[in-house]
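Chemist: Got a structure for you, written out below as structure tokens; questions coming shortly.
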Amino acid sequence: MIHSTFHALTEKYFCLTLLSTSKTNDMEHINRIELQGRVGNIRTNIVGDTKVANFSLATDYLYKTRDGSAISETTWHNIVAWSNRNMPELDKISVGTPLHLTGRLRVNRYTSADGTEKLFYEVLAYKIRRLDEESLEELKKKVYNEAGINLYIVK
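So in our numbering, spot 137 of the sequence shown is number 128, and the numbers just go up one at a time.
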């Protein structure tokens, strides 16, 4: 059984949690990912009679170097969300919208024009929750303070 959980000091503000359980024979496999961040680009389409949104989501990993400097590392994730009862109105998600989502990681394989096999990772979201700006900024302040980093938000 393998459990891999990645929580930066930013687990409440921007987090990536990937649980991967692998058991042999009659054992269970788990593929679940939680992300909390801001939307980058977004494109919505209608497939059949169902709306689908493809968008990027930025998450940050915050840490301090040995000399005490604060480093923020941004990771962009590709998200696919099909409209369902656990989704907000997909048309109301726009660039910069803060979201918390739960889904599963999927790997797509394809062969490029030069004949090499490529891998493309995406998250299939099955639940999305919009976050309000005020609570997001308060969470960000709390996480930075827990990391010992002074954060001043200028509005």
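Glycine is no exception: its CB is placed at the ideal position from the N, C-alpha and C atoms. Just so we're clear, the structure is a prediction, and the values are computed from it rather than from any experiment.
Please return the same chain residues whose Cβ sits closer than 6 Å to the Cβ of Arg34, not counting the five positions on each side in sequence.
Modeler: Locating residue 34 in the sequence shown gives position 43, counting from the first residue. The residues are Asn45.
Chemist: DSSP three-state label for Leu0, please.
Modeler: Along the sequence shown, one-based indexing puts residue 0 at 9. Residue placement at Leu0 cannot be trusted, given a pLDDT of 32 that sits under 50; what the coordinates show is reported in the next sentence. Residue state, collapsed to three classes: coil.
Chemist: Do the region 49 to 56 and the region 97 to 110 make contact, defined as three or more Cβ pairs closer than 8 Å?
Modeler: The region 49 to 56 is not in contact with the region 97 to 110.
Chemist: I need the boundaries of the beta strand (DSSP E) containing Arg120, first residue and last residue.
Modeler: In the sequence shown, the residue the question calls residue 120 occupies position 129. Per DSSP, Arg120 belongs to the beta strand (DSSP E) from 108 to 121.
Chemist: Nearest-angstrom Cα distance between Val86 and Gly31?
Modeler: Here residue 86 is taken as the residue at index 95 of the sequence shown, counted from 1. Here residue 31 is taken as the residue at index 40 of the sequence shown, counted from 1. So the alpha carbons of these two residues sit roughly 5 Å apart.
Chemist: Tell me which residue opens and which closes the beta strand (DSSP E) that Ala72 is part of.
Modeler: Position 81 of the sequence shown, counted from the start, is the residue given in the question as residue 72. Start and end: 61 to 73.
Chemist: Examine the ligand GTP and report whether any of its heavy atoms sits within less than 7 Å of the Cβ of His68.
Modeler: The model on display carries no ligand, and the ligand GTP is accordingly not part of it.
Chemist: How should Val38 be labelled, buried or exposed, when 16 other C-beta atoms within 10 angstroms of its C-beta is the threshold for buried?
Modeler: Residue numbering aside, residue 38 sits at position 47 when the sequence shown is read from its first letter. So Val38 ends up on the exposed side.
Chemist: Assuming contact is defined by CB atoms lying nearer than 8 Å, are Leu115 and Arg95 in contact in what I supplied?
Modeler: Walking along the sequence shown from the start, residue 115 turns up at place 124. Walking along the sequence shown from the start, residue 95 turns up at place 104. Yes, these two residues count as a Cβ contact at 8 Å.
Chemist: Under a three-way DSSP split, which group does Asp82 fall into?
Modeler: Start at 1 with the first residue of the sequence shown, and residue 82 comes out as number 91. Helix, per DSSP.
Chemist: Is the Cβ-Cβ distance between Lys117 and Asn77 less than 8 Å?
Modeler: In the sequence shown, residue 117 corresponds to position 126, counting from 1. In the sequence shown, residue 77 corresponds to position 86, counting from 1. Per the sequence shown, residue 117 should be read as Tyr rather than Lys. Yes, the Cβ-Cβ distance between Tyr117 and Asn77 is below 8 Å.
Chemist: Ends of the beta strand (DSSP E) at His91?
Modeler: As a first step, residue 91 is located in the sequence shown; it is residue number 100 there, counting from the start. Here the beta strand (DSSP E) through His91 covers 89 to 102.
Chemist: Rounded to a whole number of angstroms, what is the C-alpha to C-alpha distance between Ala72 and Tyr112?
Modeler: Mapped onto the sequence shown, residue 72 falls at position 81. Mapped onto the sequence shown, residue 112 falls at position 121. Answer to the nearest angstrom: the Cα atoms are 14 Å apart.
Chemist: Apply the 10 Å Cβ neighbour rule to Leu90 and answer buried if 16 or more other Cβ atoms are within range, or exposed otherwise.
Modeler: Here residue 90 refers to the residue found at position 99 when the sequence shown is read from its first residue. Leu90 is buried by the Cβ-count criterion.
Chemist: What residue does the beta strand (DSSP E) around Glu19 start on, and which one ends it?
Modeler: Taking the first residue of the sequence shown as position 1, residue 19 is located at position 28. Element bounds for Glu19: n/a, residue is neither H nor E.
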